[in-house]
Amino acid sequence: MDVTKVRRCVYGQHNIRLGNMDSEGVIRSDQAVIFRVRGDAVYSMHENYLGKLIDGVCRTGRGELIFTLRES
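To convert, note that position 67 of the sequence shown is 67 in the UniProt record's numbering; the numbers rise steadily by one, no gaps.
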């Protein structure tokens, strides 16, 4: 799934909107960068690996939900 082609809304746990992902895979809340997506890997704003993005759902290695993507 190539998620970098379309602008998407990002939602966290309990369906809370976190921000938007741009065409380069950068996820921002207002103007602050909160996540980066590179391929299927997701990184924090400090470039720490957080988890894997599969079919629009990002989870940690232990299966904990980080966020989901939806088309805007």
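We treat Cβ as the ideally placed atom computed from N, Cα and C, and that holds for glycine.
- Following the DSSP letters along the chain, one finds Ile16 in no beta strand (DSSP E), marked with neither H nor E.
- Where Gly51 is concerned, the enclosing beta strand (DSSP E) starts and stops at Tyr49 to Ile54.
- Its chain contains Arg7, Arg8, Cys9, Val10, Ile27, Arg28 and Ser72 as the residues whose beta carbon lies nearer than 8 angstroms to that of Asn20, once the 5 sequence neighbours on both sides are disregarded; these appear in chain order.
- Leu69 and Arg62 have their C-alpha atoms roughly 19 angstroms apart.
- Non-local beta-carbon contacts of Ala41 in its own chain, meaning distances under 7 angstroms to residues more than five positions away in sequence, involve Tyr49 and Lys52 in chain order.
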